[in-house]
Amino acid sequence: MSALSLRDVSVTLGGTTVLERTSVDLDARRIAIIGENGSGKSTLARVIGGLVTPSSGHVLVHGVDAVRDLRLLRRRIAVVFSNPDAQIIMPTVAEDVAFSLRADKLPRQVVAERVATALEDFGLAALAGRSAHELSGGQKQLLALCGAFIRSPELVIADEPTALLDARNARNVAAHLLERQGHRLVLVTHDLALAARCDEAVLVESGRIGVVGAPDEVIAAYERSLVC
Amino acid sequence: MLSLYQPGHGLLHRMPAGSKALALAVAVLALSFLPSSWWAAGVAAAVAPLGYAVAGLGVGVLFRQVYALRWLLAVTLGVQLLFVAPEAATANTSRVLATILLASLLVLTTRIADLLDAVERLLAPTARWGLDPQRASLLLSITITTVPVLARLGSGVREAQRARGAPANLARFVIPFLVVSLKHADELGEALTARGLR
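Heads up: the protein sequence lines correspond to chains A and B, in order.
Taking this note's numbering, the leading residue of the first sequence gets 1, the next gets one more, and so forth.
Taking this note's numbering, the leading residue of the second sequence gets 1, the next gets one more, and so forth.
Here it is, written out as structure tokens:
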């Protein structure tokens with residue numbers, strides 16, 4: 001069985017079919033999803049992450065049915081979005097990271113230790129007591145990653161995580177996403193250089209899977225489709 | 001209430017969040033029973049500085065809180081002066097100021113996580129009637145966190161309008177502000193789901 005398996009998945013939102021009878025099996029550790037704006041790539045990632053319920057079809061993520069066992073799935077995955085502002089839930093940096101562990105009801109000391117380690121890992125230790133909303137865009141996105149990774153997720157879904165960042169911050173965020181071990185990554189991106197660093201890529205075209213394969217082949221197919 | 005936790009080791013910092021909230025609530029209740037007189041205005045005006053001194057928070061912190069409330073105080077005092085005697089207007093305004101400053105003390109001396117734990121414990125008995133204490137405490141936290149975000153969204157809308165040469169107009173501001181606020185609410189909902197909270 002593949003790590004991520006979609007069978008005849010369709011998604012209709014507000015009367016519009018965003019994904020149409022999509023079937024795909026993905027096994028690579030780092031998977032890039034590319035395609036034009038409105039092609040359905042974010043919806044595909046959201047379906048895999050259990051954030052969007054398919055109108056029909058079956059989605060299996062690491063053997064978990066994304067519709068029937070949604071709670072179990074959500075415990076195993078983490079999602080990072082492009083807008084870091086919308087991902088901040090608690091006032092300070094440390095509190096926001098600790099919030100990700102709240103559902104686990106861990107002892108306070110354990111939470112404090114894990115938060116300190118995670119902040120250190122992401123270079124945010126010096127900002128622990130700072131107001132999360134006063135951070136720069138790059139720092140906020142690192143905070144979002146820190147909040148995602150502290151839960152040790154099996155699967156991380158990142159929807160254009162570098163879209164609003166400058167080159168230095170984008171590089172930093174990409175390094176954390178692509179070079180950390182221990183999780184599978186589904187990366188939705190317009191940055192083809194980032195997609196090229198993944199192990200497998202998926203091209204989504206008009207709500208359907210276009211090409212699946214090695215990133216350089218899929219990117220080449222995408223670029224050919226852009227030539228008028 | 002929008003102020004953030006200020007680290008410290010004062011008496012209020014060391015108090016458990018629940019007991020502290022209760023003590024501050026009692027103080028606020030006592031203030032509300034004071035008569036509308038000059039001496040009551042003096043008492044109300046003295047309570048908050050005393051509380052901030054006990055908490056070990058500096059004068060600067062207190063001043064920032066009062067400064068943030070300047071327009072509210074001006075409106076409260078101004079409107080009351082139209083209808084009641086200066087003595088009652090001053091006493092009432094002092095009580096409002098003291099109440100808000102005492103409420104701020106709770107947030108200034110309590111980590112949000114401790115506050116959420118206290119709210120969850122307080123609301124735990126309501127679970128038998130179907131209320132989810134975790135959600136209620138989450139609502140409190142999000143309310144505190146979202147206000148600066150809404151302020152930023154509002155300023156973004158005003159900037160966008162100015163960039164197009166539109167004059168300042170409340171009616172023209174409200175609709176786009178509501179739209180961006182609702183979009184933010186959607187995104188926040190997704191972020192909560194993504195953190196395994198729905």
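Here a beta-carbon is modelled for each residue, glycine too, at the ideal position from N, C-alpha and C.
| Check | Outcome |
| --- | --- |
| Boundaries of the alpha helix (DSSP H) in which ILE142 of chain B is found, first to last residue | 133 to 163 |
| Member of A:LEU13, A:ILE48, A:ASP27 and A:GLN109 whose CA lies at the smallest distance from the CA of MET1 of chain A | A:ASP27 |
| Neighbour flag for VAL79 of chain A against chain B, beta carbons, 8 Å | yes |
| Sufficient close CB pairs (3 or more, under 8 Å) joining the stretch 179 to 196 of chain B to the stretch 40 to 55 of chain A | yes |
| Three-way DSSP call (helix, strand, coil) for ARG130 of chain A in this model | coil |
| Own chain, CB closer than 6 Å to LEU119 of chain A, minus 5 neighbours either side, in chain order | ALA125 and ALA128 |
| Residue nearest to ASN37 of chain A in terms of C-alpha spacing, selected from A:GLU160, A:GLY138, A:THR12 and A:GLY123 | A:GLU160 |
| C-alpha gap between PHE122 of chain A and ALA46 of chain B, whole angstroms | 45 Å |
| Cut-off 7 Å between Cβ atoms - residues of its own chain near LEU70 of chain A, not counting five sequence neighbours on either side | GLY50 |
| Residue range of the beta strand (DSSP E) that includes THR126 of chain B | Note, THR126 of chain B: premise wrong, no beta strand (DSSP E); not H, not E. |
| Distance between beta carbons of LEU155 of chain A and ARG184 of chain A, contact taken as under 8 Å | 5 Å |
| Burial state of THR43 of chain A (16 or more Cβ within 10 Å) | buried |
| Proximity test, Cβ basis, 8 Å: ALA86 of chain A and chain B | yes |
| Own chain, CB closer than 7 Å to ARG74 of chain A, minus 5 neighbours either side, in chain order | GLY50 |
| LEU188 of chain B in three-state terms, based on DSSP | helix |
| CB contact check: ASN169 of chain A to chain B, cutoff 8 Å | no |
| Buried versus exposed call for THR145 of chain B [16 or more other C-beta atoms within 10 Å across all chains shown] | buried |
| The alpha helix (DSSP H) enclosing ALA94 of chain A, as first and last residue numbers | 93 to 99 |
| Beta-carbon proximity check, LEU123 of chain B vs ALA103 of chain B, cutoff 8 Å | no |
| Residue environment, ALA151 of chain B, which counts as buried when at least 16 other CB atoms sit within 10 Å | exposed |
| Residue-level contact to chain B via CB, SER42 of chain A, 8 Å cutoff | no |
| Opening and closing residue of the alpha helix (DSSP H) in which ASP121 of chain A lies | 108 to 121 |
| Closest residue to GLU20 of chain A among A:ARG30, A:LEU6, A:ILE31 and A:ALA32 (Cα-Cα distance) | A:LEU6 |
| Neighbourhood of HIS58 of chain A by C-beta distance below 6 Å, restricted to the same chain and skipping five residues each side | ARG7 |
| Neighbour-count burial assignment, ALA148 of chain A, 16 or more Cβ in a 10 Å radius | buried |
| Where the stretch 7 to 35 of chain B meets chain A: residues whose CB sits under 8 Å from a CB there | PRO7 |
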